[in-house]
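Asks: For reference, the structure I am asking about is given below.
Residue numbers (full-length UniProt numbering): 1 to 157.
Here's what the structure looks like:
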């Protein structure tokens, strides 16, 4: 029978110290058996910082590398399609759908699946859409309630 260690409370002082230490260490590095290309690194960093540092396993990190590679490939292919267009001329000059669209669709589906698998999708990181919409309503209300006589935090450009 597998026994998992008891999870610590996330609202304790010890958890706050551990979170601060993890944040100061920066993003996790990929496992030694996983190779990332230079263009994958920004996606890797975004993925591994979407979850607490101590929740990642080696197999999760390998899957995260696949997600980072997929996202980098999506960006590269999308840039190529933006230049080439949605249709390209075939051998006899008749316009056909750019075959890179099928690759983009496949990679996009893979990325969504991997993000769900790793619990780094929107619902896992931000919460339910109902909660997000409540936050958006509060944000809009704060913009409407703007009063020049009440000091508020403003973005300085």
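Beta carbons: idealized from backbone N, C-alpha and C, even for Gly.
When you compare the CB positions of residue 36 and residue 65, do they come within less than 9 Å of one another, or not?
Replies: Against a cut-off of 9 Å, the Cβ pair of residue 65 and residue 36 comes out as a contact.
Asks: Within the same chain, show all residues whose beta-carbon is closer than 7 Å to that of residue 87, passing over the 5 residues directly before and after it, in chain order.
Replies: Only 95, 96, 97, 98 meet the Cβ criterion.
Asks: According to DSSP, residue 87 sits in a beta bridge with which residue or residues?
Replies: Paired residue(s): 97.
Asks: At what residues does the alpha helix (DSSP H) containing residue 42 begin and finish?
Replies: Its alpha helix (DSSP H) spans residues 41-48.
Asks: Output needed for residue 120: all residues of its chain with C-beta closer than 7 Å, excluding positions within five of it in sequence on either side, in chain order.
Replies: Within the same chain, residue 120 has close Cβ partners 47, 50, 51.
Asks: By a C-beta neighbour count over all protein chains shown, 10 Å radius and 16 as the cutoff for buried, is residue 60 buried or exposed?
Replies: Buried, by the Cβ-count rule.
Asks: Might you give, ordered along the chain, the residues of its own chain that have their beta carbon closer than 8 Å to the beta carbon of residue 56, omitting 5 neighbours on each side?
Replies: Only 28, 48, 64 meet the Cβ criterion.
Asks: Give the straight-line distance between the Cα atoms of residue 54 and residue 84, rounded to the nearest whole angstrom.
Replies: One C-alpha to the other measures close to 43 Å.
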